[in-house]
Each structure stands twice: as structure tokens, then as C-alpha cells.
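Q: Numbering (our numbering), first residue to last: 41 to 204. Idealized CB from N, CA, C, for every residue including glycine. So that we are looking at the same thing, I have put the structure below in C-alpha cells.
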Amino acid sequence: MFLVIHASVGALVGNAVGSPAAAFSLSFLLHFLLDMIPHGDLVVYEGYKKRRGIRKAIIHTSLDALMVVIMLTIIFSLGHMISAEIAVAAGIVGGLLPDLLVALFELTQPKGTRWSGRQLTKFHDWHMRNHVFLIKKFFRGDVPLKYGYLIQAVVIVVLLKLIL
Numbered sequence: 041m042f043l044v045i046h047a048s049v050g051a052l053v054g055n056a057v058g059s060p061a062a063a064f065s066l067s068f069l070l071h072f073l074l075d076m077i078p079h080g081d082l083v084v085y086e087g088y089k090k091r092r093g094i095r096k097a098i099i100h101t102s103l104d105a106l107m108v109v110i111m112l113t114i115i116f117s118l119g120h121m122i123s124a125e126i127a128v129a130a131g132i133v134g135g136l137l138p139d140l141l142v143a144l145f146e147l148t149q150p151k152g153t154r155w156s157g158r159q160l161t162k163f164h165d166w167h168m169r170n171h172v173f174l175i176k177k178f179f180r181g182d183v184p185l186k187y188g189y190l191i192q193a194v195v196i197v198v199l200l201k202l203i204l
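Take a look at the structure:
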């Protein structure tokens, strides 16, 4: 899913459980379940990896990050409706952390035998396999990106209704 979905789910979890540690952990785990749902961004990532779609990937990620900022502004401006702000923040961080680690890998491209580089590489590879798990198992390919946007717009509206 897109970053805005992971952040919103993290906020929802944090508000529901109230415990920062539980919110972080649950949101971190939910990230991987949500990523298994086909959401149309596989073509963006593949273009980025082949160095022919870098601009498109940067635009896509920038718009997604902007949506996160807008979503967080909405959520925290209505703070009177949030029962546990620290837990909400922890849930958001937990939900975003897997993609932040992938971004760290993509930006640094760690090589060599250092423990941190090996672990980051393993995490990145596992995260990418997780993304395509259902696509490879049950579908002929990822959904078109335009449908991915539509699916996630619906999910955002539902999440906003649940959060607010």
C-alpha cells in the first residue's frame, strides 16, 4: 500500500490500543499484510530499478509523502477526537518504518559484509518478496496503477471515517 495508508492504519491502531509499544508493533506487522494486497505500484518500482522510471517514482513517492503530511495534519488538528496521541504517533512510525528501511537501502545500496548492510539487504529482499506474494500466487500481475489509486482513495476515506 501507499505510505498514506500505512500512516493512517498506524494512527487508527494507535488510537484503538492506546499503548505506544503495542501500536508500534501492530502497525509494523500490519504493514506487511497490507503490502500483500495488489495496489498497482509494482510498475513504478520496476521502472525505478531499471533506471527508466526514476522521475515517475520520485513524483509518485513525493505525492504519497505529501498525502501523509495532509493526513497527519487532519488527524492531529482534530486532536480532541484522539485519545492517545503518543500511541497514535508510535503507530504511524511503526506503519511507515518498513518503507523507510527500504528507502534507506535504496539510497545507500549497502555492500560488503558489515552486519547492518547484510541485515538491511535481507530486509529489503524479504519486503519486496512480500509485496508480490499474492500477485504471484493468485493473480496474473499487479493491478493497473490507476486502479491502485482508486482502491487506496476508497481505503483512505474509510480510514478517515474510522479515525475521525
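Would you grab the beta carbon distance between I18 and L52 for me? Rounded to a whole angstrom, and I think it's under 8 Å.
A: In the structure as shown, the chain begins at 41 and stops at 204. Residue 18 is therefore absent and cannot be evaluated.
Q: Got a sec, what are the start and stop residues for the alpha helix (DSSP H) F42 sits in?
A: Locating residue 42 in the sequence shown gives position 2, counting from the first residue. Note, F42: premise wrong, no alpha helix (DSSP H); not H, not E.
Q: Spatial neighbours of P78 within its chain, please: C-beta separation below 7 Å, excluding the five flanking residues on both sides.
A: Within the sequence shown, residue 78 is the residue found at index 38, counting from 1. Cβ within range, chain order: L174, I175, F179, D182 and V183.
Q: In terms of residue numbering, what span does the alpha helix (DSSP H) encompassing L204 cover?
A: Numbered from its first residue, the sequence shown carries residue 204 at position 164. First-last for L204: undefined, no H or E at that position.
Q: Hey, G50 and A124: beta-carbon distance below 7 Å or not?
A: Within the sequence shown, the letter at position 10 stands for residue 50. Within the sequence shown, the letter at position 84 stands for residue 124. Result no, Cβ atoms of G50 and A124 do not sit closer than 7 Å.
Q: Please report how far the alpha carbon of V197 lies from the alpha carbon of G188, in whole angstroms.
A: Residue 197 sits at position 157 when you count from the first residue of the sequence shown. Residue 188 sits at position 148 when you count from the first residue of the sequence shown. Each residue's Cα considered, the two are about 14 Å apart.
Q: Going by C-alpha to C-alpha distance, which of R154, I114 and H171 sits closest to L74?
A: In the sequence shown, counting from the first residue as 1, residue 74 sits at position 34. When each option's Cα is compared against that of L74, the closest is H171.
Q: Output the distance between the C-alpha atoms of Q159 and V142, rounded to the nearest integer angstrom.
A: In the sequence shown, residue 159 corresponds to position 119, counting from 1. In the sequence shown, residue 142 corresponds to position 102, counting from 1. Looking at the two C-alpha atoms, the distance is approximately 11 Å.
Q: Can you confirm whether M168, when its beta carbon is compared against all beta carbons of chain D, has any partner nearer than 7 Å?
A: Judged by its chain identifiers, the structure shown contains no chain D, having just a single protein chain.
Q: Can L140 and S48 be called in contact, C-beta distance under 7 Å?
A: As a position in the sequence shown, residue 140 is number 100, starting the count at 1. As a position in the sequence shown, residue 48 is number 8, starting the count at 1. Against a cut-off of 7 Å, the Cβ pair of S48 and L140 comes out as no contact.
Q: Take the Cβ of D104 as the centre, count every other Cβ of all protein chains shown within 10 Å, and call the residue buried at 16 or more, exposed below.
A: Locating residue 104 in the sequence shown gives position 64, where the first residue counts as 1. Under this definition D104 is a buried residue.
Q: Measuring only the C-alpha atoms, how far is D165 from I98?
A: Here residue 165 refers to the residue found at position 125 of the sequence shown. Here residue 98 refers to the residue found at position 58 of the sequence shown. Computed Cα separation, rounded: 21 Å.
Q: Taking only the alpha-carbon atoms, compute the straight-line gap between T153 and R91 and give it to the nearest angstrom.
A: As a working note, residue 153 is residue 113 in the sequence shown. As a working note, residue 91 is residue 51 in the sequence shown. Taking the straight line joining both Cα atoms gives about 26 Å.
Q: Tell me which residue opens and which closes the alpha helix (DSSP H) that V183 is part of.
A: The count along the sequence shown starts at 1 and reaches residue 183 at position 143. Segment: none, V183 is in no alpha helix (DSSP H) and carries neither H nor E.
Q: Once you ignore the five residues that flank H71 on each side, which residues in its own chain have a CB closer than 6 Å to its CB?
A: Here residue 71 refers to the residue found at position 31 when the sequence shown is read from its first residue. Contacts found: H46, G135 and P138.
Q: Assuming G54 and I132 make a contact with CB atoms under 8 Å, what is their CB distance in whole Å?
A: On the sequence shown, residue 54 is found 14 positions in, with the first residue counted as 1. On the sequence shown, residue 132 is found 92 positions in, with the first residue counted as 1. Their Cβ separation, rounded to whole angstroms, is 7 Å, which keeps G54 and I132 in contact under 8 Å.
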